[in-house]
Amino acid sequence: MREAERVRGWAGMGGGKKFWGTFFCGLVLFLGDLRIPAWGAEPSSEEQKRRALEIRLAISRLSETQVEERESLYQEIVESCPATKEAEEALWALSNLYLDSFPEPQEQTAQEVLELFLDRYPDSAWGLQVRSRLILLYSGTERRERAAELCRELLGRRPETLPASCRPFVALAEAVVWDEEKDAERAKEAYTQVARLYPGTPQAEFAARRLADLSAGRSKGK
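At position 16 of the sequence shown (counting the first as 1) the number is 471 in the numbering used here, and the numbers step up by one without a gap.
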């Protein structure tokens, strides 16, 4: 629930586009209950594994207020134990830390660690969560096109790695990106796909309304 509350809090950020805070709440709540499958990292060496577990134990002894100490230890796992599942966990934990534990969310730094995650572990079991969080962070910013690219990556994944219940959310997210970019042709194409592929869903209904608006020459939000 904490992440969903943060999404609501972000509704006024990134140009004041309330759509994204409300829209992603459903997806984030779903992801919060998603069961993580087998890890995607390469098998670790015993030495890296032992070191990672030692560092995790040290982290467990820190209080929530010792933010810089936790940050340093997570970074040590990332740097010294890259072939372990703990390194994947550490990158995700760092993104949580930068978004939740500082007086002001450090969104740029969170984006960097999440992009590092995708660069190192593109096929990780955490891929859905990482890409979804990046889409949210990039929405309403100058990096909206990267958000659309991430949507396409998710939609191109195998059904077992992107549940059917997530697909309408992600497809609509791509359409909204192009809408906000004022790329009417791409927006119409993407909205049409949502309406065609996911009939009867709230996302399809939204897409149909926006298609009507675009055909009438009305901009988003008017």
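Glycine is no exception: its CB is placed at the ideal position from the N, C-alpha and C atoms.
Query	Result
Leaving out five residues before and five after Leu-610 in sequence, what residues of the same chain have Cβ atoms less than 8 angstroms from its Cβ?	Leu-617, Arg-622, Val-625, Ala-626, Glu-629
Kindly confirm or deny that the region 570 to 589 and the region 537 to 552 touch, where touching means at least three C-beta pairs closer than 8 angstroms.	yes
Rounded to whole angstroms, what's the CA-CA distance from Trp-494 to Ala-603? Just pull it up for me.	Since pLDDT at Trp-494 reaches only 43, below the 50 mark, its modelled position is unreliable, and no value is offered.
Expressed to the nearest angstrom, what Euclidean distance is found between the alpha-carbon atoms of Glu-509 and Lys-540?	14 angstroms
Where does Gln-658 sit, in a helix, a strand or coil, going by DSSP?	helix
What residue ranges within the region 508 to 570 form continuous alpha helix (DSSP H) runs of no fewer than 4 residues, ordered along the chain?	522 to 535, 540 to 555
Buried or exposed for Glu-635, going by 16 or more other Cβ atoms inside 10 Å?	buried
Can you grab the Cα-Cα spacing for the pair Cys-536 / Ile-514, in whole Å?	15 angstroms
Helix, strand or coil: which one does DSSP assign to Leu-592?	helix
According to DSSP, is Thr-616 helix, strand or coil?	coil
Is the beta carbon of Tyr-413 less than 8 angstroms from the beta carbon of Arg-599?	With the chain represented from 456 up to 677, any question about residue 413 goes unanswered, as that position is not in the structure.
If we count the other Cβ atoms within 10 Å of its Cβ and call it buried at 16 or more, is Leu-605 buried or exposed?	buried
If I measure Cβ to Cβ from Ser-500 and keep anything under 8 angstroms in the same chain, skipping five residues before and after, which residues do I get?	Ala-538
Indicate whether Ala-507 and Ile-532 have their beta-carbon atoms separated by less than 8 angstroms.	yes
Can you tell which of Gly-582, Ala-580, Arg-511, Thr-647 has its C-alpha closest to the C-alpha of Arg-665?	Thr-647
Please report the straight-line C-alpha distance between Tyr-653 and Ala-639, rounded to a whole angstrom.	21 angstroms
How many angstroms separate the CA atom of Leu-669 from the CA atom of Thr-520?	49 angstroms
In chain order, what residues of the same chain lie with their CB nearer than 7 angstroms to the CB of Thr-656, ignoring the 5 residues before and after it?	Pro-623
Should Leu-512 go down as buried or exposed, given a rule of 16 or more other Cβ atoms within 10 Å for buried?	exposed
Note the first and the last residue of the continuous alpha helix (DSSP H) segment covering Gln-634.	First, the residue type needs correcting, since residue 634 is Asp and not Gln in the sequence shown. 622 to 635 is the extent of the alpha helix (DSSP H) around Asp-634.
Leaving aside the five residues before and after Pro-560 along the sequence, list all residues of the same chain whose C-beta is less than 6 angstroms from its C-beta, in chain order.	Leu-554
With 16 other CB atoms within 10 Å as the buried threshold, where does Ser-620 fall?	exposed
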